[in-house]
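>
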Amino acid sequence: MSSSFLSSTAFFLLLCLGFCHVSSSSSDQGTYIVHMAKSQMPSSFDLHSNWYDSSLRSISDSAELLYTYENAIHGFSTRLTQEEADSLMTQPGVISVLPEHRYELHTTRTPLFLGLDEHTADLFPEAGSYSDVVVGNFTGVSLFKGEALPDKLLPFIYAGNASNATNGNLCMTGTLIPEKVKGKIVMCDRGINARVQKGDVVKAAGGVGMILANTAANGEELVADAHLLPATTVGEKAGDIIRHYVTTDPNPTASISILGTVVGVKPSPVVAAFSSRGPNSITPNILKPDLIAPGVNILAAWTGAAGPTGLASDSRRVEFNIISGTSMSCPHVSGLAALLKSVHPEWSPAAIRSALMTTAYKTYKDGKPLLDIATGKPSTPFDHGAGHVSPTTATNPGLIYDLTTEDYLGFLCALNYTSPQIRSVSRRNYTCDPSKSYSVADLNYPSFAVNVDGAGAYKYTRTVTSVGGAGTYSVKVTSETTGVKISVEPAVLNFKEANEKKSYTVTFTVDSSKPSGSNSFGSIEWSDGKHVVGSPVAISWT
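Quick note, the sequence shown lines up with residues -25 to -1, 1 to 517 if you use mature numbering (1 follows the signal peptide of the UniProt record, and there is no 0).
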């Protein structure tokens, strides 16, 4: 009896040890992304996946391919120990072996604002790379790192009245008189120096708060900043009223209170005052900007190497910041381009740009044009380009304007680039054909910029590719001016199958002249009843 018990106990302990060993080995493994050099695949392999599997087997008998990549990178993912990962890194053709990281979604309203909510998931049923994306839960942090002002009225002064400098109203370094500012809220005008620096100047002079007022250059645009003291920003109209009060009342007072965040502001979106504007000063025959995207008051990750203002005097450290600028709209569009690439891996960069541009919207839901916040007036193609991005529509644009390497080389020839200059850009030897007439206007771009230097006809040819299958597209032309007649030939494009190409010519006939610097706008739209393929038109008199 005793012997049997000991034997059973020994077996149980051995079994436990076995399980413990397996568990320990498994816990040492992690998921790795392996980047391979596609061009270095040995000729003995027919498929890249076979090469990947062979490379993996050379360092582990148990490791398996989890996923293979062939769009943004070439390679695979697998589970390995650190030692196996180091060994794999030494294999021929391996560029990198990096541990997979789980990234959290560090944003709030962007997907919903762009129409990318849970109801659009069915737009990407076949996109394997899209299914790799894991969206985690983000519990949130507070961006507020300062102390609020007391809930009472405080002495208030206009910076222009607290300075002996001619530009004292701008709160530039060394312009404020501490004796006049100490213990007061200071009103500063926007301009010249950075917005956050104005707050630093007020604080250094002894001020306890700041009201930053827009001027005509910024209109009603309100940009959030991580000021070094309690501060608020007001638009031009409110600024004029407050400025009149603070400079005429004998004992002006003010307070700054946090009342919460306002969402759903209408109209939205609007073109930011700082947004890049046309016309294109480098290549006038290419309309710029291409389009607009969210770029104001964007929640973004922030480095721990600097305070949220970026000023040397800012000792605060945060993980996130509210940032505005074209450098914020750029990653939005980059992400949308990657999303389109996951749905259409065969598309070129030009095709993706075309899809984003031709499906962009230029009006609100009520039909009114997008506003320019700097002027308060309707924006033009020199402000919004083709319009605001609409990613769900861009997945199915109907037609695209594609470009090849030869098209870009011809574009460089039209710009009178020499062969050495072209080589430095393209990394290939190319000589422009002296017998050929190159024109910047011939670039197959999904927009039209016409520079008028006299009466006559200006012709542009474009080629579109059907990505929506068979269909008959009819053209619709709009123009603000009667001085330019816009005609399209042919006016109907009939596609019998997907990937079929058709060309058309647009003739801009100028009957009357306008003063130099005048601009007029319009659009050219192709539609088959299901798709609307729009291109903005900008006509400029030089």
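Note that the Cβ used here is the ideal one computed from N, Cα and C, for glycine as well. In this text, all values refer to a predicted model and were calculated from it rather than measured experimentally.
Go through its chain and collect everything with a Cβ distance to F(-14)'s Cβ below 6 Å, but skip five positions before and after it.
Numbered from its first residue, the sequence shown carries residue -14 at position 12. Residue confidence for F(-14) is low, a pLDDT of 35 falling below 50, so the modelled location carries little weight; the figure read from the coordinates is stated next. There are no such residues.
> Check whether the Cβ atoms of A206 and L187 sit closer than 8 Å, and answer yes or no.
To locate residue 206, count along the sequence shown from 1; it is residue 231. To locate residue 187, count along the sequence shown from 1; it is residue 212. Yes; because the gap between Cβ atoms is below 8 Å, this pair is in contact.
> Taking C-alpha atoms, which residue in D28, A445, G149, S462 lies nearest to N474?
In the sequence shown, counting from the first residue as 1, residue 474 sits at position 499. Among D28, A445, G149, S462, the Cα nearest to that of N474 belongs to A445.
> What would DSSP say about S502, mapped onto helix, strand or coil?
Position 527 of the sequence shown, counted from the start, is the residue given in the question as residue 502. In this structure, S502 counts as strand in the three-state DSSP scheme.
> Find out if the Cβ-Cβ distance for the pair K451, T482 is shorter than 8 Å.
By 1-based counting over the sequence shown, the position of residue 451 is 476. By 1-based counting over the sequence shown, the position of residue 482 is 507. Result no, Cβ atoms of K451 and T482 do not sit closer than 8 Å.
> Closest to G214 by CA distance: which of H10, V171, A276, Y133 is it?
By one-based count along the sequence shown, residue 214 stands at place 239. Closest option to G214, Cα to Cα, is Y133.
> Out of H23, Y7, T6, point me to the one whose CA is closest to S14's CA.
The residue given as residue 14 occupies position 39 in the sequence shown. Ranking the options by Cα distance to S14, first place goes to H23.
> For a minimum of 3 consecutive residues, which ranges assigned as the beta strand (DSSP E) are wholly contained in the region 126 to 167?
Correct list: 129 to 133, 160 to 164.
> Could you name each continuous beta strand (DSSP E) segment of 3 residues or more that falls completely within the region 434 to 512, going from the start of the chain to the end?
You should have 446 to 454, 459 to 464, 467 to 470, 476 to 485, 494 to 502.
> Kindly list the residues whose CB is nearer than 8 Å to the CB of A102, restricted to its own chain and excluding five residues on each side of it in sequence; keep chain order.
On the sequence shown, position 127 is the one that residue 102 refers to. Residue placement at A102 is poorly supported in this model, since its pLDDT is 44, which falls under 50; the coordinates still yield a value, given next. Same-chain partners within the cutoff: S317, V318.
> Quick check on DSSP: helix, strand or coil for S401?
In the sequence shown, residue 401 corresponds to position 426, counting from 1. Looking at S401 - three-state DSSP - the assignment turns out to be helix.
> Output needed for N404: all residues of its chain with C-beta closer than 8 Å, excluding positions within five of it in sequence on either side, in chain order.
Within the sequence shown, numbered from 1, the residue matching residue 404 stands at position 429. For N404, where only same-chain residues beyond five positions count, the Cβ hits under 8 Å are S394, R398.
> If you compare alpha carbons, which of L374, P244, S288 is closest to K343?
For the purposes of this step, residue 343 is taken as the residue at position 368 of the sequence shown. The residue with the shortest Cα to Cα distance from K343 is P244.
> Once the 5 residues before and after K212 are set aside, which same chain residues still bring their CB inside 8 Å of it?
In the sequence shown, counting from the first residue as 1, residue 212 sits at position 237. Within the same chain, K212 has close Cβ partners E195.
> Distance, Cα to Cα, I261 vs G68?
Here residue 261 is taken as the residue at index 286 of the sequence shown, counted from 1. Here residue 68 is taken as the residue at index 93 of the sequence shown, counted from 1. Spanning the two alpha carbons is a distance of roughly 41 Å.
> Within its chain, find whatever has a CB closer than 8 Å to the CB of N142; leave out the 5 residues flanking it on each side and keep chain order.
Start at 1 with the first residue of the sequence shown, and residue 142 comes out as number 167. For N142, where only same-chain residues beyond five positions count, the Cβ hits under 8 Å are T150, I167.
> Thinking C-alpha only, which one of V221, D417, T43, I48 is nearest T258?
For the purposes of this step, residue 258 is identified with residue 283 of the sequence shown, where counting begins at 1. Nearest C-alpha to T258: D417.
> Is it right to say G182 is buried, meaning 16 or more other beta carbons lie within 10 angstroms of its own, or is it exposed?
On the sequence shown, residue 182 is found 207 positions in, with the first residue counted as 1. G182 is buried by the Cβ-count criterion.
> Which whole-angstrom value describes the C-beta separation of S365 and T406, a residue pair presumed to lie in contact below a C-beta threshold of 8 Å?
Counting from one through the sequence shown, the residue named residue 365 turns up at place 390. Counting from one through the sequence shown, the residue named residue 406 turns up at place 431. Not really, about 42 Å apart at Cβ, beyond 8 Å.
> Which first and last residues belong to the alpha helix (DSSP H) in which A424 is found?
On the sequence shown, residue 424 is found 449 positions in, with the first residue counted as 1. Where A424 is concerned, there is no enclosing alpha helix (DSSP H), although the beta strand (DSSP E) it sits in stretches over 423 to 427.
> With DSSP as the reference, label H23 as helix, strand or coil.
For the purposes of this step, residue 23 is taken as residue 48 along the sequence shown, with counting starting at 1. DSSP places H23 in helix when its eight states are reduced to three.
> Return the bridge partner residues of H363 from the DSSP annotation.
Counting from 1 along the sequence shown, the entry for residue 363 is found at position 388. Answer is I267, Y336, bridged to H363.
> Using a threshold of 8 Å, state whether the C-beta atoms of S498 and I514 are closer than that.
Looking up residue 498 in the sequence shown gives position 523. Looking up residue 514 in the sequence shown gives position 539. No, the pair does not count as a contact, with Cβ atoms beyond the cut-off.
> Say whether the region 269 to 280 touches the region 368 to 387, bearing in mind that this needs 3 or more beta-carbon pairs closer than 8 Å, one atom from each stretch.
Not touching, per the Cβ criterion.
> Hey, out of A432, S449, T438, L203, whose CA is closest to D486's CA?
Within the sequence shown, numbered from 1, the residue matching residue 486 stands at position 511. Of A432, S449, T438, L203, the residue nearest in Cα terms is A432.
> Starting from the C-beta of G210, find all residues in its chain whose C-beta is less than 6 Å away, skip the five residues before and the five after it, and write them out in chain order.
Numbered from its first residue, the sequence shown carries residue 210 at position 235. Closer than 6 Å at Cβ, skipping near neighbours: N189, E195.
> If you follow the beta strand (DSSP E) that S185 is part of, which residue opens it and which one closes it?
Taking the first residue of the sequence shown as position 1, residue 185 is located at position 210. It is worth fixing the name first, because residue 185 is Met in this sequence and not Ser. Note, M185: beta strand (DSSP E), 184 to 188.
> Can you have a look at H359 and say buried or exposed, based on whether 16 or more other CB atoms are within 10 angstroms of its CB?
As a first step, residue 359 must be located in the sequence shown, where it is residue number 384. Per the 10 Å Cβ criterion, buried.
> How far does the alpha helix (DSSP H) with F295 in it extend, from its first residue to its last?
For the purposes of this step, residue 295 is taken as the residue at position 320 of the sequence shown. Not the alpha helix (DSSP H): F295 falls in the beta strand (DSSP E), residues 295 to 298.
> Taking the C-alpha atoms as reference points, what is the distance between L286 and Q172?
As a working note, residue 286 is residue 311 in the sequence shown. As a working note, residue 172 is residue 197 in the sequence shown. Their Cα atoms are separated by approximately 7 Å.
> Taking the alpha helix (DSSP H) that S33 belongs to, which residues open and close that run?
The sequence position of residue 33 within the sequence shown is 58, counting from 1. Run containing S33: none; DSSP gives neither H nor E here.
> Who are the near neighbours of L272 in its chain, counting only those whose CB is closer than 7 Å to its CB and skipping five residues on each side?
Taking the sequence shown and counting its residues from 1, the one referred to as residue 272 is at position 297. The question names Leu, but residue 272 is Asn in the sequence shown. Contacts found: V198, A199, I297, S299.
> With C-beta atoms as the reference, is P269 less than 8 Å away from H307?
Locating residue 269 in the sequence shown gives position 294, counting from the first residue. Locating residue 307 in the sequence shown gives position 332, counting from the first residue. Contact flag set, yes.
> If you drop the 5 nearest sequence neighbours on each side, which residues of the same chain put their C-beta closer than 8 Å to that of P372?
Locating residue 372 in the sequence shown gives position 397, counting from the first residue. Within the same chain, P372 has close Cβ partners S329, A330, T333, T334, V442, G443, H506, V508.
> Out of curiosity, what's the CA-to-CA distance linking A(-16) and M16?
Walking along the sequence shown from the start, residue -16 turns up at place 10. Walking along the sequence shown from the start, residue 16 turns up at place 41. Here A(-16) scores only 38 on pLDDT, less than 50, and its place in the model should not be relied on; the value that follows carries that caveat. Each residue's Cα considered, the two are about 51 Å apart.
> If D28 and L40 are in contact, beta carbons under 8 Å, what's the gap, nearest whole angstrom?
Here residue 28 refers to the residue found at position 53 of the sequence shown. Here residue 40 refers to the residue found at position 65 of the sequence shown. With a Cβ gap of about 6 Å, D28 and L40 count as contacting.
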